[in-house]
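Reviewing the structure listed below.
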Amino acid sequence: MKNLKNLFFASLAIVTLTVACDEEFLTKEPQASLSGPALANSDGVEGKLVSAYRTLAGYGMSGGGTWYYSTWSWIFGAISSDNALKGTDAGDQPEHSFIESYDFNTFNVHNRDKWRSGYWGAARANDVINSVAEAEDISAARAAEIVGEAKFIRGWQHFEMQKMYRTPKYVSEANFSLDDLEASKVPNTGKIWANIIQDFADAAAALPATQAEVGRATKWAALAYQAKALVYSGDYTSALPILENIVNNGPYTLVDKFEDNYLVATRNNSESIFEIQYAVSSADTNASNAEIGLAHPYIAPWGCCGFLQAPQDLVDFFQTDANGLPLLDESWKTTHITNPTGANIGEPIGDPRVDPRLDHTVGRPGQLFKNHHIMQVDYIRDLTYAGPYFSKKHIAEPEGFGIGGWGNLSANNFRIMRLGHVKLWLAEAYVEAGRLEDARAQINDLRRRAANPAGFNPGATQGATRADYSLTGAPGANYVIGEYTAAWTDQAVARKAVRYETRLETAMEGNRFFDLQRWGVQSQVLNEYLSRESRYRIYLQGKSFTSPKNEYYPIPTYAIDRSFSEGEPTLTQDPNY
């Protein structure tokens, strides 16, 4: 049977047929579209469902760049945090610069299209649900699964909206109709966690434990997202048994090597619970990871565009003590392990001990970069602007590069939900429940995997040409990582250790801003970060994070203007804006 990502191509004809974007759709008749009844059959509904899945990768929506509403959330979740810099140079994509410096405004087109994409995706899911009820040639069993998959997608899209906006709206199938342009103009009255959690719970009840086609949501994926929504909403008590069920009974195991979560060759592996599926061929890149195509080094073979660099702060965070443990005493804040400036910028200071995950997360001078070549500062578009480090996880290895027309487009899936994430959330839940030793066990599982020497970035020496190198047979750096061997007895210390591990394990995956948000520490962490990083990134000098305003993004003016019904807007702006 074909897998789901191949069906994406077949769905292109359906993508524009029935659903447009959010309120814009409600004020403009779709052009060259088929009516609902024309697709009210099994083939039509299945095609609509595949089109709804495509929204998870940002495909199908008209207008804007796919990076505006990237699944990786590298703009809204990474460069707005202490994990990443906008990168490139000062003049490229200035909208990013506003976000990086916490100048959130209501007319930023990136924010506008993030809102559009979320409700456009929810609209496609709602159209699927309503279409199932109209189709007469779908079995009851398959109809229930289709609705479950659509609710998973709807919950996913609303989850993105709740992370972004303090009071988003929730649009159900009851508030969506192709025949009523006013139906989805519903008010935003508060948090929508309860609706999101219910969508994932309904999906889990309807979906099978496994799917024949990779890319389709399973019961386990829905449970994982239900638990994630509970964790993000602060309900650890309800999340804990679901997380335990996934870890103890789910068909997932940690992959042996940390890097295998970020390679084309190891997609859909034993750790993966749900991946955003990408595909490329020499003839078609319409299902590639275009949303993160700009975030590649400026040197050949990529040549564009230099976005998503790493700050000095993140590099220093990965240093370890003599026992291979993170520096919970926060001494990493005042001790550099690489040169932040000068002729040897980015190179190690001595032979510092580092967590091996550093060199699978950040590209730094002197380190082999995913077997392409040894990274040097020629990877960087403007060294004086954003420094010498680059992001790495999303970039394809040589075997997965250059298949399509633009080499930056690859099939390196985004492992948006994996067992490693679940174990981190379970550790959080254990800490909040006072089960500190259980939390330590979960964290040690991740540290034990990271300590596998087979997974260390290899050492290499430069060859005669820029692309040539020879492996040394030794690790690329002084990798020292150990497990927590002493019992955890202090809840505050345990909580800090879990949060440190979360950054070490998931840096550059677009989560950090939202992790700080749900922990309630954005202002403290980000203002301290700005005071440190602005010594080297001078464009950050004088910038600050303002709480509670910057904890969430503003609802775009675009959305409010298009929410008018009977002369009044149905959407209310966040009062902090």
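Residue numbering for the sequence shown follows this note's numbering, starting at 1435 and increasing by one per position.
Don't be surprised by glycine CBs; every beta carbon is placed ideally from N, CA and C.
Reduced DSSP category for residue i - H, G, I as helix; E, B as strand; rest coil
i	result
K1619	coil
T1919	coil
P1642	coil
S1672	helix
Q1896	strand
L1728	coil
E1943	coil
S1787	The sequence shown places Arg at residue 1787, not Ser. Strand at R1787.
P1982	coil
G1478	helix
S1485	helix
N1723	coil
E1831	coil
L1858	helix
G1907	strand
P1988	coil
S1706	strand
P1464	Annotation note: pLDDT 34 at P1464 (below 50); position unreliable, no value reported.
R1966	helix
I1797	The question names Ile, but residue 1797 is Gly in the sequence shown. Residue state, collapsed to three classes: strand.
I1771	coil
N2012	Here the chain comprises residues numbered 1435 to 2011, so residue 2012 is not present and cannot be evaluated.
K1520	strand
Cβ-based neighbour list, residue i, same chain, cut-off 6 angstroms, excluding 5 preceding and 5 following
i	result
T2004	K1619, P1621 and S1997
R1874	Y1918 and W1922
E1616	S1999
D1636	K1585
I1808	L1802, A1894, Q1896 and Y1903
V1959	L1950
Cβ distance (whole Å) where residue i is taken to contact residue j below 8 angstroms
i	j	result
L1641	E1579	6 angstroms
D1793	N1891	4 angstroms
Q1746	Y1970	6 angstroms
A1863	Y1666	Between Y1666 and A1863 the Cβ distance is about 12 angstroms, and since that is not below 8 angstroms, they are no contact.
K1482	D1561	6 angstroms
T1601	D2008	7 angstroms
N1703	V1689	5 angstroms
V1543	E1529	6 angstroms
A1655	F1593	Not quite, the Cβ-Cβ distance comes to about 13 angstroms (not below 8 angstroms), so this is no contact.
Close-in-space but distant-in-sequence residues of the same chain around residue i (CB under 8 angstroms, 5 per side omitted)
i	result
Y1987	F1510, F1538, N1545, K1548, M1598 and Y1599
N1805	E1831 and P1832
S1672	L1664
V1788	F1752, Q1753, T1754, I1771, A1911, N1912, Y1913 and V1914
P1909	P1790, P1887, F1890, N1891, P1892 and G1893
Beta-carbon contacts of residue i that lie in its chain and below 7 angstroms, excluding the five residues immediately before and after
i	result
S1957	F1979 and S1981
V1566	V1479, I1572, A1577, I1580 and V1581
G1839	T1719
Buried versus exposed call for residue i [16 or more other C-beta atoms within 10 Å across all chains shown]
i	result
G2001	exposed
I1563	buried
D1750	buried
F1459	Low local confidence applies: a pLDDT of 22 at F1459 is under 50, so the model's placement there is unreliable, with the coordinate-based value given in what follows. The residue is buried, with at least 16 neighbouring Cβ atoms inside 10 Å.
V1927	exposed
N1695	buried
F1947	buried
S1825	buried
L1762	exposed
V1955	exposed
P1685	exposed
Quiz item: Is there contact between the segment 1908-1917 and the segment 1755-1765, where contact requires at least three CB pairs shorter than 8 angstroms?
Solution: yes
Quiz item: Counting pairs of Cβ atoms below 8 angstroms between the segment 1899-1906 and the segment 1864-1883, do you hit three or more?
Solution: no
Quiz item: Is the segment 1635-1655 touching the segment 1585-1592, taking contact as three or more C-beta pairs under 8 angstroms?
Solution: yes
Exercise. Count the CB pairs spanning the segment 1550-1565 and the segment 1765-1784 that are closer than 8 angstroms, and state whether there are at least three.
Key: no
Quiz item: So, do the segment 1714-1729 and the segment 1499-1513 have three or more beta carbon pairs nearer to each other than 8 angstroms?
Solution: yes
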